[in-house]
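Residues 370 to 620, numbered by the working numbering, are exactly what the sequence shown covers, in order.
What follows is a short report on a single structure.
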Amino acid sequence: KQTHIMCLTFDTKGNLLAGSAPNGLVYRIDPAGKAFVLYQDTLPEIHELAVDSKGRGALAVPSLHGVPAPTPPACGNTAYYSYIIVNRDSAIRSFEGLRGKSFAFADPLSNSGTLVPTYMLAQMHETPDTYFSKTIFVRSHDKSIKAVAQGIVDGAAVDSLIWEYENHTNPEFTSRTRIIKKSPPYGIPPVVVRPGLDAKLKKKIRLAFLNAHRDPKGKAILAGMMIDKFVPIEDSAYNSIREMEEWIAGQ
């Protein structure tokens, strides 16, 4: 059961290849939207995919330190949140109660796992260094959840999609945490392509995602990720994230 699509490419036959997380699966999706698992790696995240010079299949290059390009699931909503969590048995009841405590961020480029809590602190005229006794970057939201559940840190900021998915499928660690603050909604992580990509190729990628739920196998894969289907989303949905970045930069 995967929660994020980390990278995309096409093979020589026009099939879309998608590297995913957290179980290191590579999916092949044909132009009609039919999908199946092509490969599974021993590492949890596939951040790069390539097709060899003779077009003989795909080479999966797993990485734990890339910048993910997640997909926009539409589970009745095209928004997600940053959850501030603490250990279930902690006496801390609010974000203010984390002053002088240890805190885990996800990736430095994460919105819900880093930008949002940094923005919250900036509004309080604080920074992570002035507010927390210790901060760490654990590079993934599931690791942040585990760090809090195991008492390694006092609190963390995590992606609501990841917390809810883990809580639904395997609550071993989420059940040992408690949400003390929920951020405003933000545009859900989108599928992105590089600037200047061929328009026909861009259209093929777009249609492969938008039609995945119409194929029984594709629908089953989406269901495993708690995704109903992919839907179009406007770029303006991410303006609030850009505004946070600009506001912090101006302080």
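Don't be surprised by glycine CBs; every beta carbon is placed ideally from N, CA and C.
Per the C-alpha coordinates, the member of ARG397, GLY402, PRO391, LEU385 positioned closest to ASN580 is GLY402. Taken through DSSP and simplified to helix, strand or coil, ILE602 comes out as coil.
When the alpha-carbon of LEU385 is set against those of GLU615, TRP616, ALA577, the nearest one is in ALA577.
Collapsing the DSSP output to three states places LEU385 in a strand. Only residues of its own chain outside the window of five on either side were considered, and among them ILE454, ALA525, VAL527, ILE531, TRP532, GLU535, PHE542, THR543, THR546 have a CB closer than 8 Å to the CB of ILE514, listed in chain order. According to the DSSP secondary-structure assignment, TYR488 is paired through a beta bridge with no residue. By the CB criterion at 8 Å, ILE596 and TYR555 fall outside the cutoff. Taken in chain order, the complete alpha helix (DSSP H) segments of 4 residues or longer contained in the segment 556-591 are 568-579.
Runs of alpha helix (DSSP H) with 4 or more residues, each lying fully within the segment 443-511, are found at 485-492, 497-500, listed in chain order.
Across the set ILE521, VAL600, ALA475, the C-alpha of VAL600 shows the shortest separation from the C-alpha of ARG583. Cβ neighbours of SER529 within its own chain (closer than 8 Å, five residues either side excluded): TYR449, TYR450, SER451, TYR452, SER481, LYS551.
Here ASN608 is exposed. Its C-beta has fewer than 16 other C-beta atoms within 10 Å.
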